[in-house]
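For what it's worth, the numbering used here labels the leading residue of the sequence shown as 11, then goes sequentially.
Everything on this sheet refers to the single structure shown next.
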Amino acid sequence: MSDNLVFPGDKIASIEEYEAGHNTFDDGDMVRAATMGEKDMDKKTRMINVNHPKLLSIPKVGDVIIGKVAAVMSSMIAVTIDYINGKPTTSKVECICGTRNMRIRNVALVNDIASLKIVAHLNGTIHAVMDEPELGIIFTKCRKCGGKVITMRDAIKCTDCSWIDERKLSSSFGKSDFIHLRE
Ligand SMILES: [Zn+2]
């Protein structure tokens, strides 16, 4: 299962081999994922779909979630939850994570994928933190050009335009074994 997990923008196959189906797009060369989910390659119809996680639930205090950054504000980010303790959810519940005390230029960008720990439910809002090494951003792109980034000590660098930036990266950033968060 976990081998099929794809992130937005991931290349899945050449457009000569497959057609873009649900939750995918073709960039003129490759079929890419438009959302995070499980890829489903139909060999008969030559169609690729990405199936978004489909279960409803609300995270509890102590749960680790993975989700997409929906909004970045001056002192917090909002994250739409896709996975709770590794289990997919489509409830589209949001949590917020304070970023005020982090000395990082761009803790996260909209559409980054973050791993957070739920710490409280307060007035109907789910509060999360990312202040542990394994928590933080597990997928991001260059803020200038949308290119792929690699880590350089505490910073990230774009492989296309060389823009250097910062994020609160998870220790799982750039490793395929972050999948263990899903188990
Ligand atoms: Zn760039």
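Here a beta-carbon is modelled for each residue, glycine too, at the ideal position from N, C-alpha and C.
Bear in mind the structure is a predicted one, so any value in this text is a computation, not a measurement.
Query	Result
What did DSSP end up calling ASN14 once you bin it into helix, strand or coil?	helix
Who pairs with ASN33 in a beta bridge, going by DSSP?	In DSSP, ASN33 forms no bridge with anything.
Is it right to say THR150 is buried, meaning 16 or more other beta carbons lie within 10 angstroms of its own, or is it exposed?	buried
If you draw a straight line from the alpha carbon of SER24 to that of THR169, how long is it in whole angstroms?	22 Å
Helix, strand or coil, according to DSSP, for PRO143 in the structure here?	coil
Per DSSP, what kind of secondary structure is LYS53 in: helix, strand or coil?	coil
Tell me whether GLY197 counts as near ligand 1, meaning its Cβ is closer than 7 Å to at least one heavy atom of that ligand.	Nothing in the structure corresponds to residue 197, since the chain is present only between 11 and 193.
Around the C-beta of LYS78, are 16 or more other C-beta atoms found within 10 angstroms, so that it is buried, or is it exposed?	buried
Have a look at the DSSP bridge pairing and note the partners of SER9.	Lying before the first or after the last residue shown, residue 9 is absent from the chain, which here runs from 11 to 193.
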